[in-house]
Amino acid sequence: MQYIDLHCHMSSRTTDDYHMMALTGCVAITEPSFWAGYDSCTPDYFRDYFHRLTDYEPKRAAQYGIQHYAWLCLNPKEAENREMAKAVLKIIPEFMDMPNILGIGEIGLNRVTRNELATFIDHVELAMQTNELIHIHTPHLEDKYKGTKVMVDTLISDKRLTPGRVMLDHSEEHTIEMILGNGFWTGLTLYPTTKVTHGRAVDMIERYGTERICVASACDWGPSHPIAVPEFIAEMRRRGHSEETIRKVVYENPAEFLSQCPKFKLKHTEPGAVLRFA
Ligand SMILES: [Zn+2]
936 MQYIDLHCHM SSRTTDDYHM MALTGCVAIT EPSFWAGYDS CTPDYFRDYF
986 HRLTDYEPKR AAQYGIQHYA WLCLNPKEAE NREMAKAVLK IIPEFMDMPN
1036 ILGIGEIGLN RVTRNELATF IDHVELAMQT NELIHIHTPH LEDKYKGTKV
1086 MVDTLISDKR LTPGRVMLDH SEEHTIEMIL GNGFWTGLTL YPTTKVTHGR
1136 AVDMIERYGT ERICVASACD WGPSHPIAVP EFIAEMRRRG HSEETIRKVV
1186 YENPAEFLSQ CPKFKLKHTE PGAVLRFA
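Everything in the sequence shown is counted per the working numbering, starting at 936 for the first residue and increasing by one.
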């Protein structure tokens, strides 16, 4: 089955991973801006990184027939540094018109501090200026509920914003209702050892249905699995879910959310897919 992996940090993965993803049905990925594993020392690092996301990675993915799209921001892990944030926010507009850039992301909170929230709001403001889609990281572990709530409250108080154009990713059992109930999209990120396992993701689909829910590998340089989405597909089949239901989650839903940006255009259409956009 063809699938779209909406959250992968391919700049930290090998070319073999693109190959494996292509062989398992991946036709498109989106790569949110990420933390390099260490705090960047200068704003120039981000210009190089954005160049990589808009030039080098799309070419690398294309060698395996995978369409590569990306999101721009200063990642939540570095959002505490207000000076750096201000400098990076000035660099982002230089790249927004690139053909593979779908919006601003993954912005969000890490330790839920005042400075992180200020940087989050600055990014939302930037997105509003040109009506961009927004991709949001919600914090992990003990900060998840609190951080998600702060961001949901901030977003719904901004009347310019359409919740259907925002994805709050990394949701879990205790945050998914708050996200979906306010009209946002959400993502379940599949990790081999921590966070959401395939089984828990399928449990959540069974409980909350398939509307406005996507799944992704969120693969990066840490313990993660670039073919987590096909593993999710296998678990859905094992539990007896129909091909239509599975296809909706792994292909039609991400296509519907991402197609709100006119730059997102799938070259191949999954046979049998019911696409609810132009
Ligand atoms: Zn990520």
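All C-beta atoms, glycine included, are put in the ideal place defined by N, C-alpha and C.
Name the DSSP bridge partner or partners of residue i?
i: ILE1039; result: LEU1007 and ILE1069
i: TRP1120; result: MET1102
i: CYS934; result: Past the boundaries of the shown model lies residue 934; the chain is included only from 936 to 1213, so the question cannot be answered.
i: GLN1002; result: ALA963
Locate the beta strand (DSSP E) running through residue i, then write down its first and last residues.
i: GLU966; result: 961-966
i: VAL1131; result: VAL1131 -> no beta strand (DSSP E), and no H or E assigned at all.
i: ALA1151; result: 1148-1151
i: TYR1186; result: Neither: TYR1186 is in no beta strand (DSSP E) and is coded neither H nor E.
i: ILE939; result: 938-940
Cutting at 7 Å between CB atoms, please list the residues of its own chain near residue i, excluding the five before and the five after it.
i: ILE1001; result: TYR953, MET956, ALA957, CYS961, VAL962, ALA963 and ILE964
i: GLU1013; result: TRP970, ASP974, SER975 and MET1019
i: ALA1213; result: For ALA1213, the predicted structure reports a pLDDT of 47, less than 50, and the residue's modelled location is therefore unreliable. A value from the coordinates is still provided. Excluding sequence neighbours, ALA1213 sits near nothing in its chain.
i: LEU1061; result: LEU1024, ILE1027 and ILE1039
i: ARG982; result: ILE1026
i: PRO1206; result: none
i: VAL1209; result: GLU1187
i: MET1139; result: GLU1108, ILE1111 and LEU1123
i: LYS1021; result: none
i: ARG987; result: SER946
i: THR950; result: ARG995
i: PRO1197; result: none
Along the alpha helix (DSSP H) that carries residue i, what are the first and last residues, could you check?
i: VAL1059; result: 1049-1064
i: TYR1126; result: Segment: none, TYR1126 is in no alpha helix (DSSP H) and carries neither H nor E.
i: GLY1082; result: 1079-1091
i: VAL1023; result: 1017-1026
i: LYS1012; result: Careful: LYS1012 lies outside any alpha helix (DSSP H) and carries neither H nor E.
i: HIS986; result: 978-986
i: LEU994; result: A quick correction: the sequence has Lys, not Leu, at residue 994. Residues 992-997.
i: ALA957; result: 950-958
i: VAL1164; result: 1163-1173
i: ARG1182; result: 1178-1182
Would residue i and residue j be called neighbours here (beta carbons separated by less than 8 Å)?
i: TYR1143; j: HIS1109; result: no
i: ILE1039; j: PHE985; result: no
i: CYS1154; j: ARG995; result: no
i: CYS943; j: ALA1151; result: yes
i: LEU1068; j: GLN937; result: no
i: PHE1167; j: LEU1037; result: no
i: GLU1051; j: PRO1011; result: yes
i: MET1063; j: LEU1096; result: yes
i: LEU1125; j: ALA1163; result: yes
i: TYR999; j: ASN1035; result: no
i: PRO1189; j: LEU1007; result: no
i: MET1113; j: THR1089; result: no
i: PHE1119; j: VAL1131; result: no
i: VAL1059; j: ASP1078; result: no
i: MET1031; j: THR1065; result: yes
i: VAL1185; j: ILE939; result: yes
i: ARG1174; j: VAL1137; result: yes
i: ALA968; j: GLU1015; result: Correcting the residue identity first, residue 968 is Ser in this sequence and not Ala. No, the Cβ-Cβ distance between SER968 and GLU1015 is not below 8 Å.
Apart from the five residues on each side of it in sequence, which residues of its chain come closer than 8 Å, Cβ to Cβ, to residue i?
i: LEU1115; result: THR1121, TYR1143, GLU1146, ARG1147 and ILE1148
i: MET1086; result: GLY1043, LEU1044, PHE1055, ILE1071, THR1073 and LEU1103
i: ARG1211; result: GLU1187 and GLU1191
i: PRO1158; result: TYR1126, PRO1127, THR1128 and THR1129
i: ARG1017; result: ASN1050, ALA1053 and THR1054
i: ASP1093; result: VAL1059 and MET1063
Sorted by chain position, which residues of the same chain lie with C-beta nearer than 6 Å to residue i's C-beta, five sequence neighbours on each side aside?
i: MET945; result: GLU966 and GLU992
i: MET1033; result: THR989
i: ILE916; result: Any property of residue 916 remains undetermined from this structure, which presents the chain solely from 936 to 1213.
i: HIS1203; result: VAL962
i: PRO1165; result: THR959
i: ALA997; result: none
i: GLU1179; result: none
i: HIS1075; result: none
*asked:* If you measure from each CB to the nearest heavy atom of ligand 1 and keep those under 7 Å, what residues do you get, in chain order?
replied: HIS942, HIS944, PRO967, PHE969, GLU1041, HIS1072, ALA1153 and ASP1155
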